[in-house]
Amino acid sequence: MGKGVAITGMGIISAIGEDVAENYRSLISGQIGISKISQIETVHKNEIMVGEVSLTNSELEERLGLPKNSWSRTSLLGVIAAKEAVAQAGISDINKERTGLISGTTVGGMDKSEQYFYEYFENNDAWHHINGLHAGDSTQKIARNLGLEESFATTISTACSSAANAIMLGARMIKSGQLDRVVVGGADCLSKFTINGFKTLMILSDTYNTPFDENRKGLNLGEAAAYLVLESDSLVEKEGKEVLGYVKGYGNANDAFHQTASSDYGDGAVLAMEKALKVAGLTPEAIDYVNAHGTATPNNDLSEGRAMLRIFEGKVPKFSSTKAFTGHTLATAGAVEAVYSVLALQNDTIYPNLNFKTPMKEFELVPETELRKEQLNVILSNSFGFGGNCTTLLFSKKA
Amino acid sequence: MKAVYINSVGSVSAQKTFNNEDFLEEIVTYNDTTIRVIEPDYKAYITPAAARRMAKGIKMSTVSAKTAMEEAGVENIDAIIVGTGLGCIGDSEKFVSAIIDNKEQFLTPTRFIQSSHNTVSGQIALGVGCKGYNFTYVHSAISFESSLLDALMQIRNKEATNILVGGVDELVDHHVDTHRLIDHIKHKPVDSSQLLQSNSKGCVMAEGAHFFVLSGQKQSSTYGELVAITTYNTLSKSVLSEKVSQFLGQNGLTPEELDLAIFGNNGDIDFDSYYELLGKGIFKNTPQAYYKHLSGEFDTASGFGFWLAAKILKSQTVPTAVKLNQLEVSRPKTILLYNQYRGENHSLVLLRRC
Amino acid sequence: MTDLKLELKEKIIEQLNLEDVSVDDIGDSDPLFGEGLGLDSIDALELIVMLDKDYGIKLADPKEGRQIFESVETMATYITQQKGA
């Protein structure tokens, strides 16, 4: 017990890059991925900006050696990112150790379901997408493509904290000795479903999102897949693996306030951060950098800002939201930001919170607006979702 | 290792299960390809103000969760963990059709909010004011089992004492119609008593909500002990018996020693062979039971199976309607649940009398 | 104006699925949110869609809704003003 949870591999595909290296280059060069939508035909295309993966479905399918229109975009993105993570971890036989897969998603195969909703009854061309509506279907496809058999594979859907919770569950399963190794993360593609859904909530910005800014107008939806390989200490030792960082702490709490909004003073967020610190056995002073949820909605940033002020007793560490780069990638956000946090630890780098100009009137919190080099030992990453779901993860350089 | 107790149950299903006093004394039979739940009087459980935006899945879950919490005698819990294959799919479908029919105009937020898979666990948390751990698993036939596994881990590791665990799924037209196209749902009605002789592809699709309070503390309401659980994304028939024996072995049992095996047969000619393999193989001398002729099939139908096992342990009786073979068990102490759906997502759950 | 107010009450009950409420239960100046009918921010979004769909009035910022949706009276006044403008 009390084992460390090592991160030995990472993979990501997002609006700012097709792999880990490209994502990092974009982060340090201020290359944002927010644009007008190009891959989905929607009446809202002139009113919204999104963080879209630049590759088309056909290009993604070509890369995976699949026939055209094989799978949901969620599965396509997921397999690409998961394969990169497994490759970096140097896993040759995935079934050799007790290995699991835990994936977070909110839309699953909704992109195809909405496309063929009525057409299913006209012809059988797209019947292979029918079962893809099940959120677990994308996870099963990823497992199959990683060659994972007779193993633990599950899917978590807790809205925008899904992948953060996947990482948390993976870490818990390794700590409690249920698994030796687990691929954790999430995948979500853009869909008309989410675009229109967030539109009804009136929290989509018509321009570049501006986290923590007084004049923030809402979020930009994004799409991405990101996975990490977590391994037990003993497996790392046995195989002499290079460790990229550690999952040091995790905390999950519910705001129990409103179906979609966060409470005014971020009660759930404070609880999640408290729990994560407790699991890690750390005090708030140990945190060097906070990768905030920072969606740029009026509600989230105020609530999260106040929660940070509470947990850090006014002395909030350097913080930034990377959603100005990627958009809000929903279920995947926690895994995208986990990858960014590990890269930050590896490179001792804090990413800028782009587009910030004016501090919010409610408090004087100012995020980091410039790229900063600084020694980082522990990073706190927040992910919050509808249904009051709040999750905090702590990543560290040392076990 | 710390024991994990099933302190209460709650069920809304195609049988009259929402009253915990009853135990399948009266069986409702169906002759259909789909089955809806027998609805409790929701107004007795949910205020009109709270109910007005609730999808059916949330209503069923609220009743089931309230029943479980009341029986366990708890006002609040440390964690809420819900499994659901599709969440409140009825609202998702209505939202999608509205997007298409109205060309993305005049859409309202309620259906979108209810479409979030975690809306059930979120609304239960909101209802009881539970700020603890809150999770939703959405992995087809092991959605409920993933929730059980999580709860087991938390209680064993002393991270929580009382956890509300549940599974819920709705039966919805578009979903049924599309899945019938691909033969996942039967084309012709089947009499529920003849389900296993249907000799046809697909299942009889249904819905339901099953909630339980799992606890680290035994009390007078306790039904039994949740001993172990494991799931497999794939499992071929060639290794099935070996894996089941291994699982039992890890828990100090041989197949011969097991008192009752409860199988997830759903009458699909293509996939019931997994159960037959065990029934005629390692469990040929073991009393066997099944339940999907009573509950119908859905992603969290195994919640009905878990309810059944818990009720059997507490009442020490096996209802005639669920018996799959002629072997009798007088004092059931150990029960194994085995379920899979379409050859994927296999689960083994072991319960014990305490 | 009276017709509009009655119409609004009917629409509110239907749109927000207020099963146990009748038009007689809603006074013209009763607060719709908080203490009154007990509506919340999700209902406000529903009402914004209703304004758009049934009266052709678009609100860009949900905050604008707070004053407009104070009561049936304020809603009717706002709609009449917008239509007249």
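Quick mapping for you: the protein sequence lines, in order, are chains A, B and C. Each residue of the first sequence is one higher than the one before, counting from 1 in full-length UniProt numbering. Each residue of the second sequence is one higher than the one before, counting from 1 in full-length UniProt numbering. Each residue of the third sequence is one higher than the one before, counting from 1 in full-length UniProt numbering. Glycine residues also receive a C-beta, built at the ideal position from the N, C-alpha and C atoms.
Q: With a cut-off of 8 Å on the beta carbons, I'd call Ala187(A) and Ser103(A) a contact; round off their distance for me.
A: 6 Å
Q.
At the level of alpha carbons, what is the spacing between Gly147(A) and Gln114(B)?
A. 35 Å
Q) In this structure, does DSSP put Asn389(A) in helix, strand or coil? A) strand
Q. From the beta carbon of Trp127(A), is the nearest beta carbon of chain B less than 8 Å away?
A. yes
Q. In three-state terms, what does DSSP make of Glu145(B)?
A. helix
**Q.** Runs of beta strand (DSSP E) wholly within the stretch 179-235 of chain A (minimum 3 residues, chain order)
**A.** 181-188, 224-232
Q) Along chain C, in chain order, which residues have C-beta atoms closer than 7 Å to that of Phe106(B)? A) Val49, Asp52, Lys53
Q. What is the rounded straight-line gap between the Cα of Ser13(B) and the Cα of Val190(B)?
A. 18 Å
Q: With a cut-off of 8 Å on the beta carbons, I'd call Thr34(B) and Val204(B) a contact; round off their distance for me.
A: 7 Å
(Q) If the cut-off is 8 Å on Cβ atoms, which residues from the stretch 180-207 of chain A count as contacting chain C, listed in chain order? (A) Thr200, Leu201, Met202
Q: State the DSSP-derived secondary structure class of His129(A), mapped to helix, strand or coil.
A: helix
Q | Per-residue DSSP class, three states only, for Gly249(B) | A | helix
Q. Distance, Cα to Cα, Gly387(A) vs Leu327(B)?
A. 47 Å
Q) What is the DSSP secondary structure of Asp43(C), reduced to helix, strand or coil? A) helix
Q: Could you list which residues in chain B have their beta carbon closer than 8 Å to that of Gly268(A), in chain order?
A: Lys131
Q: Output, in chain order, the set of chain B residues within a Cβ distance shorter than 8 Å of Gly38(C).
A: Ala49
Q. Would you say Asp24(C) faces chain B, with C-beta separation under 8 Å as the test?
A. no
(Q) Taking 7 Å as the limit between beta carbons, can you name the residues of its chain near Asp288(A), skipping five residues before and five after? (A) Pro317, Leu376, Asn377, Val378, Ile379
Q: May I ask you to list, following chain order, the residues of the stretch 232-244 of chain B that have a beta carbon less than 9 Å from some beta carbon of chain E?
A: No chain E is present in this structure, whose protein chains are A, B and C.
Q. Given Gly2(A), which residues of its chain have a CB within under 7 Å of its CB, disregarding the five upstream and five downstream residues?
A. In this predicted model, Gly2(A) has a pLDDT of only 46, less than 50, meaning its place in the structure is not dependable; the value taken from the coordinates is given anyway. Answer for Gly2(A): no residue qualifies.
(Q) Residues of chain B with CB closer than 8 Å to the CB of Ile42(C), please, in chain order. (A) Arg53, Pro109, Thr110, Ile113
Q) Does any heavy atom of the ligand COA sit closer than 7 Å to the C-beta of Asn339(B)? A) For the ligand COA, the structure offers nothing, since it holds no ligand at all.
Q) Distance, Cα to Cα, Asp150(B) vs Asp78(B)? A) 13 Å
(Q) Could you compute how far the alpha carbon of Gly281(B) sits from the alpha carbon of Glu344(B)? (A) 20 Å
Q: Using a Cβ-Cβ cut-off of less than 9 Å, list which residues of the stretch 135-160 of chain A approach chain B; keep chain order.
A: Ala135, Gly136, Asp137, Thr139, Gln140, Ala143, Arg144, Leu148, Glu149, Glu150, Ser151, Phe152, Ala153, Thr154, Thr155, Ile156, Ser157, Thr158, Ala159
Q) Can you tell me the Cα-Cα spacing of Ile13(A) and Val86(A), whole angstroms? A) 14 Å
Q) What does DSSP give as the partner residues of Leu51(C) in its beta bridges? A) Partner(s): none; Leu51(C) has no beta bridge.
Q) Thinking C-beta only, is Glu242(A) closer than 8 Å to Leu77(A)? A) no
**Q.** Candidates Ser70(A), Asn355(A), Leu277(A), Glu337(A): closest to Phe212(A) by CA position
**A.** Asn355(A)
Q. Which whole-angstrom value is the C-beta distance of Phe23(B) and Lys311(B), which I expect to be below 8 Å?
A. 5 Å
Q | Interface flag, Pro31(C) vs chain A, CB-CB below 8 Å | A | no
Q. Around the C-beta of Thr283(A), are 16 or more other C-beta atoms found within 10 angstroms, so that it is buried, or is it exposed?
A. exposed
**Q.** Inter-residue Cα distance where the pair is Ser263(A) and Ala333(A)
**A.** 20 Å
Q: Could you list which residues in chain C have their beta carbon closer than 8 Å to that of Gln259(A), in chain order?
A: Ile42
Q) Would Lys361(A) be called buried (16 or more neighbouring beta carbons within 10 Å of its own) or exposed? A) exposed
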